[in-house]
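Undergrad:
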Amino acid sequence: MSDDRERPSTLVELFETTAARHPDRNAVSDGEQTLTYRELSARSDVLAAHLATRGVGREDRVVVHRPRSSEVFVALLGILKAGATYVAVDVRYPDKRRDLMIQRSEAKAIVTEPGWGARLSHLGPEVIEWHSTADSPAPGDLPLPAPENGACVLFTSGSTGVPKAFVLEHRNLLAFARNRVMPQLLPTDRTSQIASVSFDAFHFETWCSFAYGAEIVVMPAMAELLASDVKRELEDRRISVMIAPTMAFNHLARESPETFAGLRVLQVGGGTMLASACRDVLASGFRGSLWNLYGPSETTTGCSVAHIESVGPEDTSVPIGPVLDGFSMYVLDADRKPVPVGEVGELYVGGVGVCRGYIGQPELTEQRFVRDPFAEDGSRMYATGDLGRQRPDGVFEYVGRADDQVKIRGYRVEPGEVERALAQHPLAREAIVLATGEELDLRLVAFVAADSALTDGELLAYAERELPEYMVPSRVLLLPRIPDNENGKRDVAALRALLAEDSRQLSPSDLPSGETETYLAGLWREFLGDEPVGATHDFYAVGGNSLLAFRIRQRVAKELGVSIPFNAILNHPVLRDLAALIDAQRDTADRQVS
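So for the sequence shown, my numbering puts the first residue at 57; every next one is plus one.
This is how it looks when you write it as structure tokens:
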């Protein structure tokens, strides 16, 4: 947007300004319904009025509990227009995790789809079953929010075993959505919507699109699609703008770099962008602009972004860019003093994007949100825990983590939270969780001291009920006790050695037989490590996850010419069963040809 335009001060004003300018342009579509900016504005007005009759107002928190669809945008805009703060909760999370997040948010109400009331009523907040065609009082005067009012509550993994909740204000999100350093969208753009409402990439998809009058197009989750399907979906839906999770970008760039060829803007965020992936995409005929976004959720999705125009053959890393307008980033030592240019230190982020702090955790807030000694207004800066350096040209580079936190498929995970969840099993005494593998395929392995009656399958099933899918360990090793080193601390080296020794010996009856079983066994070993794979092994029990299942489906389609459904491995996780499914599909295809 040009600087001479009237500048909104809240997200509500941002949206309504665009709706007044482009009332008949499509705002959001999901395959079942399309809403124009005028229609989305009117429907969210009705929900806001209804919320007001229920006593919802400024600084109240309201949970958005709906699957991804156009109705999500009606809900979040209606909540904001009522002056309240929306709480982002993914409906796919296990019930216990969802309930804990809602309780931590201190929400006053829950907006959900019809039929969910009885399943959520035990949580305390009033449950409002809502569809945007529902009757409601005509909108009246509403307590519209101020820039410093809360807009959104997000969650990140917590080392204490409890997810951390924090509030982003209108001014935080507005500074990100309208930032001049970010890629500039057009009213004619169509932005893919693939992120969970609880993932910070959702902010780019939503508020950057609304800021410029672009259309948000709700698409299937990328894990449900083959590489060829992703390309076809982008083309069929005429997508011009996409923010891709870094892990998915890195994989697709290696398997099918031409996937992104039709995009005008491709922004990547949520992890470490590989230099080789950028080279592959840029060399594939991609003519759009490629961007690498960096920033913890606590600093409003992104605080720096790099426009990647070229990557040299010797380059081993990709910059995370200059900081956004109004944001600041520092590379500091342990005493919070600047390190010389080119040296590694911890990254601290200040400026307009820094959130309020963690809900109900004042000590942690004081630890991570500290006074910014470089700011004249006495504002705070956020200690990211990330290591980085600043180059002589002012551009920043990401180096790694200063603690145990890891990124699993784009999500921040504190191993301590997983450890505490596993240790709560009645037959478990203690757990240690380590990240293994290369960064492209980082996985969690749990070592659990437990009673002999507990099996790894039972513990994994328990973890799936307690934790989001991306936090469930790929493997569990049950031990009589966790070993200590000579200093009395947990012996991580010994645990990694145990993992290396835990190769399963195959019995003759478990050896893969036939062309397809042998092929799959080799493919699983390629993705899961050198451990022998038997015909009766379960993909998820030996370290598989949804992202690796995505890659295996791509390879099967490419090398065997068989497109298995996205949930085929989930429903047929045993190698022999999956091989039988593939053979059956090949036989069907052969009969149709003949």
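No residue lacks a Cβ here, since even glycine has one placed at the ideal position from N, Cα and C.
Give me the DSSP bridge partner(s) of L533.
TA: Counting from one through the sequence shown, the residue named residue 533 turns up at place 477. Looking at the DSSP assignment, L533 forms a beta bridge with F503.
Undergrad: Near S58, which residues of its chain fall below 7 Å by C-beta distance, leaving aside the five closest residues on each side in sequence?
TA: For the purposes of this step, residue 58 is identified with residue 2 of the sequence shown, where counting begins at 1. At S58 the pLDDT is 41, less than 50, meaning the model places this residue with poor confidence; the figure from the coordinates comes in the next sentence. Cβ within range, chain order: n/a, list empty.
Undergrad: Give the straight-line distance between the Cα atoms of R642 and V618, rounded to the nearest whole angstrom.
TA: Numbered from its first residue, the sequence shown carries residue 642 at position 586. Numbered from its first residue, the sequence shown carries residue 618 at position 562. Computed Cα separation, rounded: 7 Å.
Undergrad: If L483 sits next to A509, beta carbons under 8 Å apart, how far is it from one beta carbon to the other, in whole angstroms?
TA: In the sequence shown, counting from the first residue as 1, residue 483 sits at position 427. In the sequence shown, counting from the first residue as 1, residue 509 sits at position 453. Right, their Cβ atoms sit about 6 Å apart.
Undergrad: Identify the continuous beta strand (DSSP E) that holds S360 and give its terminal residues.
TA: Here residue 360 corresponds to residue number 304 of the sequence shown, with the count starting at 1. From DSSP, the beta strand (DSSP E) with S360 extends over 360-364.
Undergrad: If I follow the unbroken beta strand (DSSP E) through L67, where does it start and stop?
TA: Taking the sequence shown and counting its residues from 1, one reaches residue 67 at position 11. Premise fails: L67 lies in the alpha helix (DSSP H), 67-77, not in any beta strand (DSSP E).
Undergrad: Work out the CA separation of G87 and L290 for me, nearest whole Å.
TA: As a first step, residue 290 is located in the sequence shown; it is residue number 234 there, counting from the start. As a first step, residue 87 is located in the sequence shown; it is residue number 31 there, counting from the start. Roughly 14 Å between the two C-alpha positions.
Undergrad: Among A519, V253, I488, whose alpha-carbon lies nearest the alpha-carbon of A550?
TA: For this step, residue 550 is matched to residue 494 along the sequence shown. Out of A519, V253, I488, I488 has the C-alpha closest to the C-alpha of A550.
Undergrad: Helix, strand or coil for K393, going by three-state DSSP, please let me know.
TA: Here residue 393 corresponds to residue number 337 of the sequence shown, with the count starting at 1. Coil at K393, not helix or strand.
Undergrad: Thinking C-alpha only, which one of V167, R632, I608 is nearest N623?
TA: Taking the sequence shown and counting its residues from 1, the one referred to as residue 623 is at position 567. For N623, the nearest C-alpha among the options comes from I608.
Undergrad: The beta strand (DSSP E) spanning I464 covers which residue range?
TA: Here residue 464 refers to the residue found at position 408 when the sequence shown is read from its first residue. Taken as a continuous stretch (DSSP letters only), the beta strand (DSSP E) holding I464 covers 462-464.
Undergrad: For the stretch 91-149, list the beta strand (DSSP E) runs that are entirely contained and at least 3 residues long, ordered along the chain.
TA: Runs of the beta strand (DSSP E) inside the stretch 91-149: 117-121, 141-144.
Undergrad: Which residues mark the beginning and the end of the alpha helix (DSSP H) in which V337 is found?
TA: Along the sequence shown, one-based indexing puts residue 337 at 281. Per DSSP, V337 belongs to the alpha helix (DSSP H) from 331-338.
Undergrad: Report the residue from R499, D594, N601, L490 whose alpha carbon sits nearest the alpha carbon of R546.
TA: Position 490 of the sequence shown, counted from the first residue, corresponds to residue 546. When only C-alpha atoms are compared, the closest one is L490.
Undergrad: Within this structure, are the beta carbons of L179 and A207 separated by less than 9 Å?
TA: The residue labelled residue 179 in the question sits at position 123 within the sequence shown. The residue labelled residue 207 in the question sits at position 151 within the sequence shown. Contact: no.
Undergrad: Among all the DSSP beta bridges, which residues are the ones paired with C208?
TA: Counting from one through the sequence shown, the residue named residue 208 turns up at place 152. Answer by DSSP bridge pairing, in chain order: Y142, L224.
Undergrad: Going by alpha carbons, who is nearest to V548 out of D460, L136, D155?
TA: Here residue 548 is taken as the residue at index 492 of the sequence shown, counted from 1. Per the Cα distances, D460.
Undergrad: Taking DSSP as the reference, what is the three-state secondary structure of Y454?
TA: Start at 1 with the first residue of the sequence shown, and residue 454 comes out as number 398. Note: Y454 maps to strand in three-state DSSP.
Undergrad: So what's S248 in DSSP terms, helix, strand or just coil?
TA: For the purposes of this step, residue 248 is taken as the residue at position 192 of the sequence shown. In the structure shown, S248 sits in a strand (DSSP, three-state: E or B).
Undergrad: Name the residue from V143, R122, A144 whose alpha carbon lies nearest to the alpha carbon of W172.
TA: Position 116 of the sequence shown holds residue 172. Cα-wise, what sits closest to W172 is R122.
Undergrad: Take C411 as the anchor and find which of V286, D197, S569, L229 has the nearest alpha-carbon.
TA: Here residue 411 corresponds to residue number 355 of the sequence shown, with the count starting at 1. Ranking the options by Cα distance to C411, first place goes to L229.
Undergrad: On the CB-based measure, 16 or more other CB atoms within 10 Å of its CB, does V397 come out buried or exposed?
TA: Sequence index remark: in the sequence shown, residue 397 carries index 341 (1-based). Burial call: exposed.
Undergrad: How about S252 and R392: do their beta carbons lie closer than 9 Å?
TA: For the purposes of this step, residue 252 is taken as the residue at position 196 of the sequence shown. For the purposes of this step, residue 392 is taken as the residue at position 336 of the sequence shown. Cβ atoms of S252 and R392: not closer than 9 Å.
Undergrad: Just to confirm my understanding: we take V589, look at its own chain, exclude 5 residues before and 5 after, and list those with CB closer than 6 Å. What are they?
TA: Counting from 1 along the sequence shown, the entry for residue 589 is found at position 533. Correct list, in chain order: A577, W580, R581.
Undergrad: Quick check on this structure: which residue in P375, T357, G570, L319 has the alpha carbon closest to the alpha carbon of C264?
TA: The residue you call residue 264 lines up with position 208 of the sequence shown. It is T357 whose Cα lies nearest to the Cα of C264.
Undergrad: Taking buried to mean at least 16 other C-beta atoms within 10 Å of its own C-beta, is A645 buried or exposed?
TA: The sequence position of residue 645 within the sequence shown is 589, counting from 1. A645 is exposed by the Cβ-count criterion.
Undergrad: Using 8 Å as the Cβ pair cut-off and three pairs as the minimum, do the stretch 197-206 and the stretch 143-162 touch?
TA: These segments do not touch.
Undergrad: Using a Cβ-Cβ cutoff of less than 7 Å, which residues in the same chain neighbour S373 once the five nearest sequence positions on both sides are dropped?
TA: Walking along the sequence shown from the start, residue 373 turns up at place 317. A331, E453, listed in sequence order.
Undergrad: A138 and V112: beta carbons closer than 9 Å?
TA: By 1-based counting over the sequence shown, the position of residue 138 is 82. By 1-based counting over the sequence shown, the position of residue 112 is 56. Yes, these two residues count as a Cβ contact at 9 Å.
Undergrad: If you draw a straight line from the C-alpha of L107 to the C-alpha of V218, how long is it?
TA: Here residue 107 corresponds to residue number 51 of the sequence shown, with the count starting at 1. Here residue 218 corresponds to residue number 162 of the sequence shown, with the count starting at 1. Those two C-alpha atoms are separated by around 29 Å.
Undergrad: Is the Cβ-Cβ distance between A304 and L603 less than 9 Å?
TA: Counting from 1 along the sequence shown, the entry for residue 304 is found at position 248. Counting from 1 along the sequence shown, the entry for residue 603 is found at position 547. Result yes, Cβ atoms of A304 and L603 sit closer than 9 Å.
Undergrad: Are the Cβ atoms of Y93 and A105 separated by less than 9 Å?
TA: Locating residue 93 in the sequence shown gives position 37, counting from the first residue. Locating residue 105 in the sequence shown gives position 49, counting from the first residue. Going by C-beta atoms, Y93 is not nearer than 9 Å to A105.
Undergrad: Does the Cβ-Cβ distance between A257 and G327 come in under 9 Å?
TA: Start at 1 with the first residue of the sequence shown, and residue 257 comes out as number 201. Start at 1 with the first residue of the sequence shown, and residue 327 comes out as number 271. No, Cβ-Cβ distance for A257 and G327 is not below 9 Å.
Undergrad: Based on the DSSP output, what are the partners of W347 in its beta bridges?
TA: As a position in the sequence shown, residue 347 is number 291, starting the count at 1. Answer by DSSP bridge pairing, in chain order: Q323, H363.
Undergrad: According to the neighbour-count rule (16 or more other Cβ atoms, all chains shown, within 10 Å of its Cβ), is A591 buried or exposed?
TA: Counting from 1 along the sequence shown, the entry for residue 591 is found at position 535. Buried, since its Cβ has 16 or more Cβ neighbours within 10 Å.
Undergrad: Hey, could you find the ends of the beta strand (DSSP E) E271 is sitting in?
TA: Numbered from its first residue, the sequence shown carries residue 271 at position 215. It spans 271-274 - the beta strand (DSSP E) in which E271 sits, taken as one unbroken run.
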